[in-house]
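Colleague:
Protein chains: 2
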Amino acid sequence: MLGFTQRLHDRIFQCKTPALVGIDPRWDWLPASIRENAGSRSRNTFEASAYAFEAFSKQIIDIVAPLVPAVKPQVAFFEQLGVPGFQALHEVMKYARQAGLIVIADAKRGDIGSTAEAYADAWLAGEDPAAAAWPADALTINPYLGTDSLEPFVQLAAKRNAGLYVLVRTSNPGAAQFQDRISDGQALYSSVAATVQKLSEATRPSGEAFGCVGAVVGATWPTQLVELGKQMPAVPFLIPGYGAQGGTSSDTAGAFTLEGLGAVVNSSRGINFAWQRKTYAEQFGEARWQDAVEAATRDMIADLAQHTPAANL
Amino acid sequence: MLGFTQRLHDRIFQCKTPALVGIDPRWDWLPASIRENAGSRSRNTFEASAYAFEAFSKQIIDIVAPLVPAVKPQVAFFEQLGVPGFQALHEVMKYARQAGLIVIADAKRGDIGSTAEAYADAWLAGEDPAAAAWPADALTINPYLGTDSLEPFVQLAAKRNAGLYVLVRTSNPGAAQFQDRISDGQALYSSVAATVQKLSEATRPSGEAFGCVGAVVGATWPTQLVELGKQMPAVPFLIPGYGAQGGTSSDTAGAFTLEGLGAVVNSSRGINFAWQRKTYAEQFGEARWQDAVEAATRDMIADLAQHTPAANL
């Protein structure tokens with residue numbers, strides 16, 4: 126029985142990289158071959174799109190499973206397709222687990238009391254994929270409702286050896302509006318961070334550095350990332366905003382321990398739709414989109430290795 | 126073409142009450158008759174539970190549709206049952222729309238950029254139930270990520286004559302921890318409220334008092350409710366925390382206009398599981414649980430009528 130962060134670190138040791146690949150299927154951006162094949166399967170738009178999302182996501186998983194420790198399906202894109210979308214999401218999550226990947230469900234859930242318990246029970250499968258309706262190792266959650274809304278998630282995560290990533294300082298341009306409001310000399314995100322550190326510390330296995338409660342902090346805010354790394358020593362980070370959103374590998378360096386642990390850096394669009402980026406479009410084109418996905422993943426791994434010691438693990 | 130709040134007000138005029146019934150099925154609390162029937166349908170736990178949730182929810186809808194303007198399915202409880210749960214949720218939402226009810230999906234979603242667009246597109250069917258994967262009239266959303274994360278929801282809500290309810294001051298005991306943090310003399314919830322007022326005002330049809338962007342404010346905080354009612358004149362309120370959570374009808378009075386408009390007051394457990402409450406258990410017992418649901422709904426309507434003028438509309 127290993128805690129979430131310990132399981133994640135095992136995979137990071139294996140792969141020698143903290144790269145996390147987002148799974149963000151969007152109909153308009155899919156390779157034409159996948160859209161055409163799906164279109165011939167069903168005249169129902171949602172069913173056809175869900176078929177395409179599943180096929181595309183599984184191919185991404187096949188490509189990245191030998192290279193990276195974890196994937197992060199974005200639930201919203203599947204949710205947009207109704208029941209067929211959720212069927213596809215379930216298949217994709219199962220497939221990723223079977224491929225040995227850690228699966229972080231990016232659902233940003235949050236509620237109070239027994240409703241929070243229901244969301245936790247829904248998503249926090251943790252070590253045993255069959256323990257929940259949705260076989261996620263970890264889930265992203267929103268802290269606006271307060272610590273009492275986070276506790277039901279933390280209790281179940283600890284029990285199932287699952288993980289959580291609480292939104293602390295998000296990657297979007299408008300993140301500062303509420304998250305940077307200063308009260309008694311402390312920004313809201315820092316106050317949330319203090320809570321997250323406390324919750325994670327309480328779940329930290331003895332002899333280990335990290336608990337199971339993580340933090341989402343955008344690569345787009347390198348100063349806050351360094352500050353928050355110091356404030357939350359027991360907290361694993363999930364860093365969005367690398368690549369398409371403008372964050373660089375050096376921006377993320379502050380989040381890692383000297384051993385290159387304690388954080389994963391996510392890229393979604395930049396990997397999923399790599400063949401649409403100039404570099405890879407010229408080299409591969411749409412016909413070889415899978416090769417573009419692999420090249421972009423390898424390039425991201427090499428880029429991150431410049432600034433984190435994980436490559437020497 | 127009517128905006129969300131205008132459609133909601135039409136139903137409030139019809140029913141002469143601002144009572145909102147939550148749909149919160151929980152397996153352990155369901156009437157034994159419903160659990161037994163479902164158990165005989167499938168040996169798969171999720172399928173059996175989903176069957177029971179659908180049957181139970183539809184009976185609640187049958188009972189309350191002639192009495193109240195709207196229902197609020199709690200997505201978490203359906204999500205907990207995986208794909209069969211979402212199938213049941215979809216049936217329940219469709220059924221409620223067909224019964225003429227306004228459907229507010231309580232999903233507390235929130236994300237940034239194109240992901241926020243995907244959630245909005247998923248849930249904001251608005252006037253035309255076929256316009257989205259999930260046929261909701263309105264959706265609850267979380268403001269932690271900032272105004273830029275709310276805007277995609279607002280744009281689509283305005284376009285589809287759908288509604289939003291942004292979490293402002295939630296009903297849980299720990300709501301104050303982050304929501305009451307004071308910066309430059311203003312609490313976070315008040316800063317969120319200022320944003321919500323602005324967004325709703327921008328969607329307000331000319332000649333109407335309310336836009337389509339609402340606020341969630343708990344009945345458990347009557348002082349803040351009065352203050353926020355004044356701060357957000359163009360904003361319809363969704364008030365949880367009445368009944369089981371301890372809020373009373375007089376606590377909610379501050380949220381209404383002199384005409385009894387501009388707010389709905391939610392009860393979930395108190396209605397759904399009325400036959401487990403002492404008053405109704407004695408009168409009806411589990412065998413007549415439907416009668417208990419109807420009596421509890423009528424009693425809530427009468428209770429609210431004491432303090433809001435909606436009964437005289």
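These protein sequence lines are chains B and C, in that order. Taking my numbering, the leading residue of the first sequence gets 126, the next gets one more, and so forth. Taking my numbering, the leading residue of the second sequence gets 126, the next gets one more, and so forth. All C-beta atoms, glycine included, are put in the ideal place defined by N, C-alpha and C.
Evaluate Trp-248/B with the Cβ neighbour count: other Cβ atoms within 10 Å of its Cβ, from every protein chain shown; 16 or more gives buried, anything less gives exposed.
Modeller: So Trp-248/B ends up on the buried side.
Colleague: Whose C-beta lies closer than 7 Å to the C-beta of Pro-277/C among residues of the same chain, with five residues either side of it excluded?
Modeller: Taken in chain order, the residues that qualify are Ala-241, Glu-242, Ala-245.
Colleague: Specify the secondary structure class of Asn-397/B as computed by DSSP and reduced to three states.
Modeller: Of the three classes helix, strand and coil, the one that applies to Asn-397/B here is helix, per DSSP.
Colleague: How close, in whole Å, do the beta carbons of Gly-164/C and Ala-157/C come, if the pair is a contact with beta carbons under 8 Å?
Modeller: Not really, about 10 Å apart at Cβ, beyond 8 Å.
Colleague: Does Gly-238/B come out as helix, strand or coil in the three-state DSSP assignment?
Modeller: If DSSP states are grouped into helix, strand and coil, Gly-238/B belongs with the helices.
Colleague: 7 Å is my cut-off, CB to CB: does Gln-205/C come that close to chain B?
Modeller: So, interface residue.
Colleague: Just curious, the beta strand (DSSP E) that Asn-391/C is in, first and last residue?
Modeller: Segment 388-392, the beta strand (DSSP E) holding Asn-391/C.
Colleague: Please list the partners that His-215/C has in chain B, where partner means a Cβ-to-Cβ separation under 9 Å.
Modeller: Near His-215/C (Cβ distances below 9 Å), the residues of chain B are Gly-207, Val-208.
Colleague: Tell me which residue opens and which closes the beta strand (DSSP E) that Thr-265/B is part of.
Modeller: Thr-265/B -> beta strand (DSSP E) spans 263-266.
Colleague: Could you tell me if Glu-179/B is buried or exposed, where buried requires 16 or more neighbouring beta carbons within 10 angstroms of its beta carbon?
Modeller: So Glu-179/B counts as buried.
Colleague: Please compile the residues from chain B whose C-beta is within a distance smaller than 9 Å of the C-beta of Gly-332/C.
Modeller: Under the 9 Å cutoff, chain B gives no residues; its nearest Cβ is about 32 Å from Gly-332/C.
Colleague: Can you grab the Cα-Cα spacing for the pair Ala-168/C / Trp-152/C, in whole Å?
Modeller: The displayed chain sequence assigns Arg, not Ala, to residue 168/C. One C-alpha to the other measures close to 15 Å.
Colleague: Would you call Asp-236/C buried or exposed, if buried means 16 or more other Cβ atoms sit within 10 Å of its Cβ?
Modeller: Buried.
Colleague: Which same chain residues end up closer than 6 Å to Asp-376/C when comparing Cβ atoms and leaving out the 5 residues on each side of it in sequence?
Modeller: Once the five neighbours on either side are set aside, the close Cβ partners of Asp-376/C are Ala-344, Pro-347.
Colleague: Please state whether DSSP places Pro-141/B in a helix, a strand or coil.
Modeller: The amino acid at residue 141/B is misidentified as Pro; the sequence shows Lys. The answer is coil: DSSP assigns Lys-141/B none of H, G, I, E or B.
Colleague: Going by DSSP, what residue range makes up the alpha helix (DSSP H) through Leu-214/B?
Modeller: 207-223 is the extent of the alpha helix (DSSP H) around Leu-214/B.
Colleague: Taking Ala-195/C as the reference, which of Ala-230/C, Val-293/C, Gly-238/C, Glu-352/C has the closest Cα?
Modeller: Nearest C-alpha to Ala-195/C: Ala-230/C.
Colleague: Within 7 Å of any Cβ in chain B, is that where the Cβ of Phe-278/C sits?
Modeller: Judged by the 7 Å Cβ criterion, Phe-278/C is not in contact with chain B.
Colleague: For a contact defined as C-beta to C-beta under 7 Å, what are the partners of Gly-368/C on chain B?
Modeller: Within chain B, no residue comes near Gly-368/C; the closest Cβ sits about 14 Å away, beyond 7 Å.
Colleague: Short check: CB of Ile-148/C to CB of Ala-177/C, under 7 Å?
Modeller: No.
Colleague: Exposed or buried, which one is Leu-281/B when buried takes at least 16 other CB atoms within 10 Å?
Modeller: Buried is the call here.
Colleague: Give, in chain order, every residue of the stretch 242-257 of chain C whose Cβ lies closer than 7 Å to some Cβ of chain B.
Modeller: Those would be Ala-243, Tyr-244, Asp-246, Ala-247, in chain order.
Colleague: How big is the Cα-Cα spacing for Glu-352/B and Ala-318/B?
Modeller: Computed Cα separation, rounded: 10 Å.
Colleague: State yes or no: is the beta carbon of Tyr-269/C nearer than 7 Å to at least one beta carbon in chain B?
Modeller: Chain B, which has a Cβ nearer than 7 Å to the Cβ of Tyr-269/C, makes this yes.
Colleague: Measure the C-alpha to C-alpha separation of Gln-199/C and Glu-419/C and round it to an integer number of angstroms.
Modeller: About 20 Å.
Colleague: Find out if the Cβ-Cβ distance for the pair Phe-335/C, Pro-361/C is shorter than 7 Å.
Modeller: Contact flag set, yes.
Colleague: Taking the beta carbon of Arg-166/B as the centre, do at least 16 other beta carbons fall within 10 Å, making it buried, or is it exposed?
Modeller: Exposed, because fewer than 16 other Cβ atoms sit within 10 Å of the Cβ of Arg-166/B.
Colleague: Going by the C-beta, is Trp-152/B closer than 6 Å to any heavy atom of the ligand NAD?
Modeller: Among the components modelled here there is no ligand, and therefore nothing to report on the ligand NAD.
Colleague: So, are the CB atoms of His-215/C and Leu-386/C less than 7 Å apart?
Modeller: Cβ atoms of His-215/C and Leu-386/C: not closer than 7 Å.
Colleague: Anything in chain C within Cβ reach of Lys-233/B, meaning under 8 Å, just list it in chain order.
Modeller: Residues of chain C passing the Cβ test: Arg-234, Gly-235, Asp-236, Asn-267.
Colleague: Please name the residue, chosen from Trp-400/B, Pro-150/B, Gly-379/B, that lies closest to Pro-434/B on a Cα-to-Cα basis.
Modeller: Nearest C-alpha to Pro-434/B: Gly-379/B.
Colleague: Is the Cβ of Ala-201/C closer than 7 Å to any Cβ of chain B?
Modeller: Yes, Ala-201/C counts as interfacial toward chain B.
Colleague: What residue ranges within the stretch 265-333 of chain C form continuous beta strand (DSSP E) runs of no fewer than 3 residues, ordered along the chain?
Modeller: Whole beta strand (DSSP E) segments, 3+ residues: 288-294.
Colleague: When the Cα atoms are used, what is the spatial distance from Val-146/B to Val-193/B?
Modeller: If I take the Cα positions, the gap works out to 8 Å.
Colleague: Note down the Cα distance separating Trp-414/C from Glu-204/B, rounded to an integer number of angstroms.
Modeller: The straight-line gap from Cα to Cα measures roughly 34 Å.
Colleague: Near Leu-206/C, what residues of its chain come up, given a Cβ to Cβ distance below 6 Å and the 5 sequence neighbours on each side ignored?
Modeller: Answer for Leu-206/C: Phe-171, Ser-174, Ala-175, listed in chain order.
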